[in-house]
């Protein structure tokens, strides 16, 4: 699975080095926050395909087929957070549990082929959706089985669906995606059909993304039996659970009984190291093989010739992690109800400076809207608004915000243009962007006061709309539904925190949801993208590629159009480290 591993802050540890370490450790925090937000958006984010096995691009699996290269060795994968459970459908799961089990242990009916922006069969050999979009059909392969050898049938598909939608099972974030399933029909042991209450373009992805659980293993009388499961996940994937050394690591072993294309690596060890400085040291000491690099680490180490002799420095766009960082302008406030003011705020923020000097990631991009910048929903003809202080001043003048009394602060109808900018406390990226915004705003006669809160209070205030402006990040996928974040019906209780309300945008969102023709749907989303660009409810700050370090004993390391495939990797026999 790609886009994995989140980042968590470490402690300041030497008084004399505080000023130096603050910057390093705070940058660690900022990148981790991005990952934490990505995970939280299981509830908050715009809807996208649920847990469809991604990052395994390539030809269709054939029984007994293996990837090229020598068999053997382990991949020790560094994660900064330890999961509380290895059952990724449960609400108590985390991004780390999903990276461990999704695609490795549990598999879905379909997988997403990011290079082609479409689904293809995984456990299903055939699938279709009716012309009216209300009937979705799957036919299972006849050669698939769980790791214990038991064949996979539609009874397992039904069990998984009924478990996730069981109100007693703690899987609300998954169950929400299946509210529009009216019923299902088991045709036989290999064929099943789902009937939908209404047309929705992501229904195929949701159903195809079910992580199929074996009924004969997990069947329960009391839902609490499933809720309290923590270890021993059993599925059909290329790896099986071996052990969990709590506080240290989870170990997976290759499934020698795997029905599909077998990877060469014998074991994957997910080792938990919460301190990113220690994680990089562990990589260089040979204690781990693979980790997600922080922007400053990658900027430094990717230019180090000695380091590059020992490690792959991988930078790539990830199909499963296509989110973006943004500043939102609360339109319930008098300043930001006016489009000209919001556009002025975007013009006065130097986003290239943020990319180059704060984020320190020259490969990051400035997005123009809420869709993945290289995906089909995004209009490639839209360009970012430029940094232009004079244009910002002109727009503010046109909006009636002028300095009438010469005190250096613009005002309108007796109201001074001063606002609070809410950020997460102690996060380097937020703090530095807030400082840049404050300084830039002062140049055009606006007084900005950064307002930091620790995470729990910050999230409560965002949900309650108690902010003037706010910095956050949304997760995303190659194809997403903007309804939850942008439809006006979501202002009160959804994720439309900034109060975006444009009837034309609502109409486009609604029509796109029921448009099955991809070209027609994307044409609608291009119109929606243009509206967002013109209205500027957010200032879109950056979207960035994944950056990883990997021990160079691993070969056949390829970067695909939208991700990497760890299953392709192998270690030549003479370089193998573990037996």
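Residue numbers (my numbering): 191 to 769.
In this text, a Cβ means the ideal position worked out from N, Cα and C, and glycines have one as well.
Inter-residue spacing [alpha-carbon to alpha-carbon] between residue i and residue j
i           : j           : result
residue 246 : residue 576 : Its pLDDT being 33, under 50, residue 246 is placed unreliably by the model, and the measurement read from it follows with that caveat. Cα to Cα, the separation comes out at about 38 Å.
residue 669 : residue 399 : 14 Å
residue 611 : residue 628 : 9 Å
residue 320 : residue 672 : 24 Å
residue 553 : residue 640 : 28 Å
residue 505 : residue 737 : 4 Å
residue 625 : residue 540 : 12 Å
residue 352 : residue 464 : 36 Å
residue 496 : residue 502 : 11 Å
residue 385 : residue 343 : 19 Å
residue 704 : residue 387 : 12 Å
residue 651 : residue 569 : 33 Å
residue 347 : residue 402 : 6 Å
residue 752 : residue 428 : 22 Å
residue 578 : residue 632 : 14 Å
residue 406 : residue 381 : 19 Å
residue 224 : residue 413 : Note that residue 224 scores a pLDDT of 37, beneath 50, so its modelled location is shaky; the value from the coordinates is reported in the next line. Roughly 33 Å separates the two Cα atoms.
residue 692 : residue 526 : 14 Å
residue 665 : residue 638 : 27 Å
residue 445 : residue 265 : 15 Å
residue 359 : residue 315 : 29 Å
residue 604 : residue 532 : 20 Å
residue 262 : residue 345 : 35 Å
residue 765 : residue 498 : 17 Å
residue 646 : residue 589 : 36 Å
residue 323 : residue 332 : 26 Å
residue 535 : residue 580 : 12 Å
residue 317 : residue 709 : 20 Å
residue 249 : residue 750 : Model confidence at residue 249 stands at a pLDDT of 34, short of 50, so the residue's coordinates are unreliable; what they give is reported in the following sentence. So the alpha carbons of these two residues sit roughly 13 Å apart.
Cβ pair residue i, residue j closer than 8 Å
i           : j           : result
residue 454 : residue 739 : no
residue 608 : residue 586 : no
residue 756 : residue 257 : no
residue 404 : residue 291 : no
residue 642 : residue 675 : no
residue 538 : residue 582 : yes
residue 441 : residue 457 : yes
residue 718 : residue 558 : no
residue 349 : residue 409 : yes
residue 696 : residue 678 : yes
residue 375 : residue 383 : yes
residue 430 : residue 706 : no
residue 334 : residue 313 : yes
residue 507 : residue 564 : yes
residue 395 : residue 512 : no
residue 746 : residue 311 : no
residue 572 : residue 720 : yes
residue 770 : residue 298 : Not covered by the structure: residue 770. The range shown for the chain is 191 to 769.
residue 361 : residue 279 : yes
residue 461 : residue 438 : yes
residue 529 : residue 680 : no
residue 743 : residue 769 : no
residue 391 : residue 566 : no
residue 293 : residue 447 : no
residue 489 : residue 268 : no
residue 377 : residue 365 : no
residue 542 : residue 255 : no
Whole-number beta carbon distance between residue j and residue i, since they are thought to touch under 8 Å
i           : j           : result
residue 426 : residue 337 : 7 Å
residue 595 : residue 635 : That pair is no contact at about 11 Å.
residue 545 : residue 732 : 6 Å
residue 485 : residue 551 : 5 Å
residue 698 : residue 619 : The Cβ separation is near 32 Å, so there is no contact.
residue 514 : residue 663 : 7 Å
residue 370 : residue 393 : 7 Å
residue 722 : residue 560 : 6 Å
Bridge partner(s) assigned by DSSP for residue i
i           : result
residue 637 : 608
residue 335 : 341
residue 642 : 613
residue 660 : 518, 612
residue 737 : 505
residue 730 : 516
residue 386 : 371
residue 292 : 296
residue 434 : 440
residue 495 : Partner(s): none; residue 495 has no beta bridge.
Please confirm if the segment 520-534 is in contact with the segment 648-658, defined as three or more CB-CB distances below 8 Å between the two stretches. yes
Below 8 Å, can you find three or more Cβ-Cβ pairs linking the segment 475-482 to the segment 295-306? no
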